[in-house]
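Protein chains in written order, with the working numbering: chain U, 1 to 150; chain H, 1 to 150. Heads up: the structure comes next, in structure tokens.
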DNA sequence: TTTTTATTGAGATTCATTCGCTATAGTACT
DNA sequence: AGTACTATAGCGAATGAATCTCAATAAAAA
């Protein structure tokens with residue numbers, strides 16, 4: 001399997017863009033993050049390490065990473081986008097707690113069947129899906145129950 | 001079944017807020033819109049009808065409508081949120097064309113099974129789910145194929 | 001090297017959303 | 001009805017994420 005850097009370089013060549021140390025440094029940093037991130041967090045993390053990259057460059061690099069399938073937008077909350085790297089990950093869906101915001105990832109097995117069904121029924125060529133399920137995690141659920149009783 | 005206005009008034013009472021003509025007018029307008037809307041469109045639509053409501057009031061009313069289950073955020077795109085009213089609708093999911101943006105709504109049958117399974121597996125109390133499937137609609141698919149051949 | 005031009009960084013700009021403030025008007029209680 | 005209390009409306013200012021401008025730089029190709 002190609003490394004994410006390799007994937008990006010291939011993409012750069014294909015699109016006739018330019019390899020720059022900034023873009024590759026940003027990409028490396030993203031793949032060191034376990035879980036979700038946002039632009040500001042990524043920027044600060046680079047800054048702390050003494051890496052000089054402007055926010056503008058991050059904003060300009062992200063659409064490229066997304067376009068070549070290395071990163072995806074997870075959700076828009078708190079007024080800005082949250083992202084995650086996805087290369088090498090099996091596609092997963094999110095189970096999010098409405099109270100504490102905890103996110104569980106889960107695999108799904110039968111959405112592929114659904115995709116096929118949709119393709120047939122509506123004539124679509126399916127590219128991707130996002131499934132987000134919301135509810136209360138065990139802890140918050142218990143807390144809510146106790147509050148309800150009092 | 002309660003009217004959406006009734007639902008909202010019950011909510012207002014429960015939360016000890018105040019009934020105001022602005023909020024109820026905004027809500028009525030929302031339920032006259034078939035399909036998705038955004039704040040700006042809603043504001044202009046009211047303005048055209050000669051209804052004087054400020055954008056700030058719309059921004060302040062929407063979270064209430066969402067909280068009482070009358071409206072939901074559909075997606076964040078073009079730099080702002082898009083909403084839809086959901087009361088009285090069966091929950092539907094979206095099949096969106098990545099090229100032209102057309103949105104097909106579809107029912108799903110077995111996500112309820114998935115919800116039950118998740119509830120059992122992770123101990124969550126499921127409240128809702130959003131499933132968005134993306135791809136190319138028949139027309140755009142054909143256009144893409146033709147472009148690819150040339 | 002030289003040329004070409006994509007990319008960078010910094011700051012300015014845009015624009016959706018929120019905030020601060022004052023006047024108004026629901027609501028509850030005489 | 002009248003009064004007190006305070007949530008809400010409207011307006012304009014403020015905020016802040018994202019984008020744009022532009023001069024300087026540095027990839028890539030010749």
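From the three backbone atoms N, C-alpha and C, an ideal C-beta is built for every residue, glycine too. Since we're looking at a predicted model, the values are computed, not measured.
Cβ pair residue i, residue j closer than 8 Å
{"i": "residue 140 of chain H", "j": "residue 100 of chain H", "result": "yes"}
{"i": "residue 97 of chain H", "j": "residue 131 of chain H", "result": "no"}
{"i": "residue 42 of chain U", "j": "residue 29 of chain U", "result": "yes"}
{"i": "residue 53 of chain U", "j": "residue 22 of chain U", "result": "yes"}
{"i": "residue 95 of chain U", "j": "residue 122 of chain H", "result": "yes"}
{"i": "residue 65 of chain H", "j": "residue 76 of chain U", "result": "no"}
Backbone CA spacing between residue i and residue j [nearest angstrom]
{"i": "residue 38 of chain H", "j": "residue 84 of chain U", "result": "27 Å"}
{"i": "residue 10 of chain H", "j": "residue 34 of chain H", "result": "24 Å"}
{"i": "residue 115 of chain H", "j": "residue 133 of chain U", "result": "8 Å"}
{"i": "residue 61 of chain U", "j": "residue 26 of chain U", "result": "8 Å"}
{"i": "residue 32 of chain H", "j": "residue 124 of chain H", "result": "35 Å"}
{"i": "residue 50 of chain H", "j": "residue 6 of chain H", "result": "25 Å"}
{"i": "residue 40 of chain H", "j": "residue 57 of chain H", "result": "12 Å"}
{"i": "residue 142 of chain H", "j": "residue 145 of chain U", "result": "53 Å"}
{"i": "residue 16 of chain U", "j": "residue 59 of chain U", "result": "19 Å"}
{"i": "residue 63 of chain H", "j": "residue 78 of chain H", "result": "20 Å"}
{"i": "residue 24 of chain U", "j": "residue 48 of chain U", "result": "18 Å"}
{"i": "residue 14 of chain U", "j": "residue 14 of chain H", "result": "59 Å"}
Residues near residue i in its chain [Cβ-Cβ closer than 8 Å; skip 5 each side]
{"i": "residue 36 of chain H", "result": "74, 82, 83, 84 and 103"}
{"i": "residue 138 of chain H", "result": "none"}
{"i": "residue 2 of chain U", "result": "10"}
{"i": "residue 113 of chain U", "result": "none"}
{"i": "residue 105 of chain H", "result": "92, 93, 94 and 95"}
{"i": "residue 8 of chain H", "result": "23, 24, 27, 64, 65, 68 and 70"}
Residues near residue i in its chain [Cβ-Cβ closer than 6 Å; skip 5 each side]
{"i": "residue 12 of chain U", "result": "19"}
{"i": "residue 55 of chain U", "result": "43"}
{"i": "residue 150 of chain U", "result": "Any reading at residue 150 of chain U must be qualified, since the residue scores a pLDDT of 49, below 50, and its modelled position is unreliable; no value is offered."}
{"i": "residue 80 of chain U", "result": "38"}
Buried or exposed by the 16-neighbour rule on C-beta atoms within 10 Å, applied to residue i
{"i": "residue 4 of chain U", "result": "buried"}
{"i": "residue 87 of chain U", "result": "buried"}
{"i": "residue 46 of chain H", "result": "buried"}
{"i": "residue 118 of chain U", "result": "buried"}
{"i": "residue 129 of chain U", "result": "buried"}
Check: residue i C-beta below 7 Å from any heavy atom of the ligand SAH
{"i": "residue 55 of chain U", "result": "As for the ligand SAH, it is missing from this structure, which has no ligand bound."}
Close-in-space but distant-in-sequence residues of the same chain around residue i (CB under 7 Å, 5 per side omitted)
{"i": "residue 126 of chain U", "result": "115, 118 and 119"}
Residue ranges of each alpha helix (DSSP H) within the region 86-128 of chain U, 4 or longer
111-122
Beta strand (DSSP E) segments (min. 3 residues) lying fully within the region 47-80 of chain U:
71-77
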